[in-house]
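Comments concern the structure below.
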Amino acid sequence: MKRKTDVAGEAQSEGGLAFHPLDQFQVQPLFGHGPIEWYTITNVTLWLALAAVAIIFVFVVGSSARKMIPTRLQSVGEVAYSFVHNMVEDVAGHDGAKYFPLIMTLFVFILFANMLGLLPGSFTPTTHIAVTAVLGFGVFLFVTLLGLYKHGLHFLGLFWMSDAPLVLRPIIAVIEVISYFVRPVSHSIRLAGNIMAGHAVMKVFAAFAPMILISGIGVLVTPVSILAITAIYALEVLVAFIQAYVFTILTCVYLKDALHPGH
Amino acid sequence: MDLATAAALGKFIGAGLAAIGSGAAAIGVGNVAGNFLAGALRNPSAAGSQTATLFIGLAFAEALGIFSFLVALLLMFAV
Amino acid sequence: MTTTTTTTEAAAEVAHETAKAGMPQLDFSTFPNQIFWLVVTLLVIYFVLSRIALPRIGGVLAQRAGAITSDLSAAEELKQKAIAAEKAYNDALVKARAEAAKIVAEAKTGIQQDLAVATAKADAEIAAKSAESEKAISEIRAGAVEAVKEVAQNTAKELVAALGGSDDAKAVAAAVSARLKG
């Protein structure tokens, strides 16, 4: 908060535009100015908690009536439930349904964090590599350990293409191993990068918006940038959903690989 | 031109070059979506079951563009 | 001169910016904090979802699916019943129609028989009556011829007698008969 006013002051004193597209991702303590310890309550904590509260509101309060003919809130929960449940069953197979609560947790958490992050002035936890890396590497570790536990060394057959020519198999195996270990990296960076890019672009356009106060060209620039912010915002709503969907469905794909390594 | 200026210049040029990757990823994403649409119009009954594949393909194509965007960001703000 | 100062200023500003902020995502001092709170949040969401929300929603969905299937099967049953009832109705209708046709045909044959009997009887009566009357007519005719004959003989005898002929009755009668025949 304090920093933002600083920035605004700077911009006014310099009489130019202020581009600080990454300031919105700053992690700050909510109370006081101390250093950020692992237990400090920060804006990350606040928005994670808000996401959790929103999820509890929709899925627990919304469904508490257990109506045969659902209310609106209840049907939101039911639609999300069947959406993810069908995804898990379609992609990971019937025995993947056991892990449905885990995948549902990932989906609703990412979806709600993304959506809450679109509120003006909010903080988006999913723009942080730290957060998405925990999600991505968590999925990676879980899936790998599950595969090793379920299939033992047979799980390594995932990398050994038995239907490829024998000469090519080691090369393919190397490529497969590399691509397997790149999975969590791309999995987490995709989510953080997408959301961060959208927010940064909006901020850049937002920096152009007060041009009308500074110079004559602003008559043209300000409406264009406001329109652009509106358009990008609409796109970001879509992206917020699609990224949650993509993260979830890739998790299902990895889960399928762990459950049925024989392709 | 002293060293700091040259470094700043290089950073911005590098970031601009890295941003080309976003455009390339856009081509890739367009390719995926366009081919999906072409296939879906030929065989609309099979299209519904393949939307998950479409999104996975889009995600993979887009992730690489995001990587180049990330490189640009790193050059601008972190190096 | 001015250009150099602005570029150095820009560079200085950039350097300053980097030192002050850099990319907040790469500020590793905040990582333990973020990871800790993220794990706490995820655990809360996981337990709320898996213990309370998901079983409840799944139960509602299953219950609704069950209600829909049972309603559908009940509707199917009712439909079958309706079809059976319609079939029974149609059968009854067809049967009644056949019965009615049979009754009509029976009645028709009965009436026809009665009619034939009555007609035959009437015919016979008429024939008897006409035969009787023919007989009467022929009797009357025969009587008339006889009477004419007698009248003619008598008249002829009288005429013969009156004209002074012989009153040979026999000869006159024979002559009259011959004339009457001729």
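Residue numbers (the working numbering), protein chains in the order written: chain A, 290 to 552; chain B, 615 to 693; chain C, 12 to 193.
Built from N, CA and C at the ideal position, the CB exists for glycine as well.
Just so we're clear, the structure is a prediction, and the values are computed from it rather than from any experiment.
Are the stretch 374-393 of chain A and the stretch 540-550 of chain A touching, with three or more C-beta to C-beta distances below 8 Å? yes
Between ALA103(C) and chain A, is there a C-beta pair that is closer than 8 Å? The residue labelled residue 103(C) in the question sits at position 92 within the third sequence. Cβ-Cβ to chain A under 8 Å: no for ALA103(C).
Kindly list the residues whose CB is nearer than 7 Å to the CB of ALA369(A), restricted to its own chain and excluding five residues on each side of it in sequence; keep chain order. Indexing the first sequence from 1 puts residue 369(A) at position 80. If we look at ALA369(A) and ignore the five residues flanking it on each side, its Cβ neighbours are VAL397.
Starting from the beta carbon of ALA692(B), find every residue of chain C whose beta carbon is closer than 8 Å, and list them in chain order. Looking up residue 692(B) in the second sequence gives position 78. Listed along chain C are THR29, GLY33, MET34, LEU37, each with a C-beta nearer than 8 Å to that of ALA692(B).
Beta-carbon proximity of LEU335(A) to VAL347(A), cut-off 8 Å: One-based indexing of the first sequence puts residue 335(A) at position 46. One-based indexing of the first sequence puts residue 347(A) at position 58. No, the pair does not count as a contact, with Cβ atoms beyond the cut-off.
What is the DSSP secondary structure of VAL25(C), counted as helix, strand or coil? Translated into positions along the third sequence, residue 25(C) becomes position 14. Its pLDDT being 44, under 50, VAL25(C) is placed unreliably in this model, and the coordinates cannot settle the point.
Counting only Cβ-Cβ distances shorter than 8 Å, please list the residues of the stretch 324-349 of chain A near chain C, keeping chain order. PRO324, ILE325, GLU326, TRP327, TYR328, THR329, THR331, VAL333, THR334, LEU337, ALA338, ALA340, ALA341, ILE344, ILE345, PHE348, VAL349
In the structure shown, what three-state DSSP assignment does ALA180(C) receive? Position 169 of the third sequence holds residue 180(C). The three-state reading of DSSP puts ALA180(C) in helix, counting H, G and I together.
Determine the burial state of SER144(C): buried for a count of at least 16 other Cβ atoms within 10 Å of its Cβ, exposed for fewer. Along the third sequence, one-based indexing puts residue 144(C) at 133. With fewer than 16 other Cβ atoms within 10 Å, it is exposed.
Run through DSSP, which three-state label would THR120(C) get? Position 109 of the third sequence holds residue 120(C). Here THR120(C) sits in helix by DSSP.
Please list the partners that THR394(A) has in chain C, where partner means a Cβ-to-Cβ separation under 7 Å. By 1-based counting over the first sequence, the position of residue 394(A) is 105. Per Cβ cutoff of 7 Å: LEU53, ILE56, TYR57, LEU60.
Is the Cβ-Cβ distance between VAL508(A) and LEU407(A) less than 8 Å? Here the question's residue 508(A) lines up with position 219 in the first sequence. Here the question's residue 407(A) lines up with position 118 in the first sequence. Going by C-beta atoms, VAL508(A) is not nearer than 8 Å to LEU407(A).
Cα-Cα separation, ALA172(C) to ALA180(C): Here residue 172(C) refers to the residue found at position 161 when the third sequence is read from its first residue. Here residue 180(C) refers to the residue found at position 169 when the third sequence is read from its first residue. Spanning the two alpha carbons is a distance of roughly 10 Å.
Own chain partners of ASN332(A) with C-beta closer than 7 Å, once the 5 adjacent residues on each side are dropped: Position 43 of the first sequence holds residue 332(A). Cβ neighbours of ASN332(A) beyond the five flanking positions: VAL316, GLN317, LEU319, PHE412.
Can you tell me whether PRO550(A) is helix, strand or coil according to DSSP? Residue numbering aside, residue 550(A) sits at position 261 when the first sequence is read from its first letter. Three-state result, PRO550(A): coil.
I'd like to know if PHE444(A) contacts chain C, where contact means its C-beta is closer than 8 Å to some C-beta of that chain. Position 155 of the first sequence, counting from 1, holds the residue named residue 444(A). PHE444(A) does not count as touching chain C.
What residues in its chain sit with their C-beta under 8 Å from that of ALA495(A), if we drop five residues either side in the sequence? If you number the first sequence from 1, residue 495(A) lands on position 206. Only SER514, ILE518 meet the Cβ criterion.
Taking buried to mean at least 16 other C-beta atoms within 10 Å of its own C-beta, is LEU434(A) buried or exposed? In the first sequence, counting from the first residue as 1, residue 434(A) sits at position 145. With fewer than 16 Cβ atoms within 10 Å of its Cβ, LEU434(A) is classed as exposed.
Near-chain C residues of the stretch 669-693 of chain B - C-beta to any C-beta below 9 Å: LEU687, LEU688, MET690, PHE691, ALA692, VAL693
Report the three-state DSSP secondary structure of PRO454(A) (helix, strand or coil). Counting from one through the first sequence, the residue named residue 454(A) turns up at place 165. Coil.
To the nearest angstrom, how far is the alpha carbon of GLY487(A) from that of ILE521(A)? By 1-based counting over the first sequence, the position of residue 487(A) is 198. By 1-based counting over the first sequence, the position of residue 521(A) is 232. GLY487(A) and ILE521(A): Cα-Cα distance of roughly 7 Å.
In chain B, which residues lie less than 7 Å from ALA486(A) when you measure between Cβ atoms? Translated into the one-based positions of the first sequence, residue 486(A) becomes position 197. Within chain B, the residues near ALA486(A) are ILE680, PHE683.
Does the beta carbon of ALA533(A) come closer than 8 Å to any beta carbon on chain C? Counting from one through the first sequence, the residue named residue 533(A) turns up at place 244. Not closer than 8 Å to any Cβ of chain C, the Cβ of ALA533(A) fails to qualify, so no.
Secondary structure at PRO66(C), three-state DSSP: helix, strand or coil? Residue numbering aside, residue 66(C) sits at position 55 when the third sequence is read from its first letter. Helix at PRO66(C).
Cβ-based neighbour list, GLY642(B), same chain, cut-off 6 Å, excluding 5 preceding and 5 following: Translated into the one-based positions of the second sequence, residue 642(B) becomes position 28. ALA675, listed in sequence order.
With distances taken Cα to Cα, identify the nearest neighbour of SER636(B) among GLY679(B), LEU688(B), ASP616(B). Stepping through the second sequence from its first residue, residue 636(B) is reached at position 22. Considering only alpha carbons, the answer is GLY679(B).
CB contact below 8 Å: ALA666(B) versus chain A: Here residue 666(B) is taken as the residue at index 52 of the second sequence, counted from 1. It does; some Cβ of chain A falls within 8 Å.
Within this structure, are the beta carbons of ALA686(B) and ALA620(B) separated by less than 8 Å? Position 72 of the second sequence, counted from the start, is the residue given in the question as residue 686(B). Position 6 of the second sequence, counted from the start, is the residue given in the question as residue 620(B). No, these two residues do not count as a Cβ contact at 8 Å.
Of all the options LEU65(C), GLN124(C), ARG108(C), ALA109(C), which has the alpha carbon lying nearest to the alpha carbon of SER353(A)? Numbered from its first residue, the first sequence carries residue 353(A) at position 64. The shortest Cα separation from SER353(A) among LEU65(C), GLN124(C), ARG108(C), ALA109(C) belongs to LEU65(C).
Would you list, in chain order, the members of the stretch 455-486 of chain A that have their beta-carbon closer than 7 Å to a beta-carbon of chain B? SER475, ILE478, ARG479, GLY482, ASN483, ALA486
Between ALA78(C) and chain A, is the shortest Cβ-Cβ distance under 8 Å, so that the two count as touching? Here residue 78(C) corresponds to residue number 67 of the third sequence, with the count starting at 1. With 8 Å as the cut-off, ALA78(C) counts as an interface residue toward chain A.
Same chain, Cβ closer than 6 Å to PHE314(A), five either side skipped, listed in chain order: The residue given as residue 314(A) occupies position 25 in the first sequence. So the list reads THR416, once near-sequence residues are dropped.
Just to confirm before moving on: does the CB-CB distance between SER468(A) and THR421(A) stay below 8 Å? As a first step, residue 468(A) must be located in the first sequence, where it is residue number 179. As a first step, residue 421(A) must be located in the first sequence, where it is residue number 132. No. Outside cutoff.
What first and last residue would you give for the alpha helix (DSSP H) that runs through GLN363(A)? The residue labelled residue 363(A) in the question sits at position 74 within the first sequence. 361-381 is the span of the alpha helix (DSSP H), which, as asked, contains GLN363(A).
Under the three-state DSSP convention, the category PRO318(A) falls into: The residue labelled residue 318(A) in the question sits at position 29 within the first sequence. Note: PRO318(A) maps to strand in three-state DSSP.
For LEU544(A), go through chain B and note every residue whose CB falls closer than 7 Å to its CB, in chain order. Walking along the first sequence from the start, residue 544(A) turns up at place 255. Going along chain B, no residue has its Cβ under 7 Å from LEU544(A), so there is no contact; the nearest lies around 14 Å.
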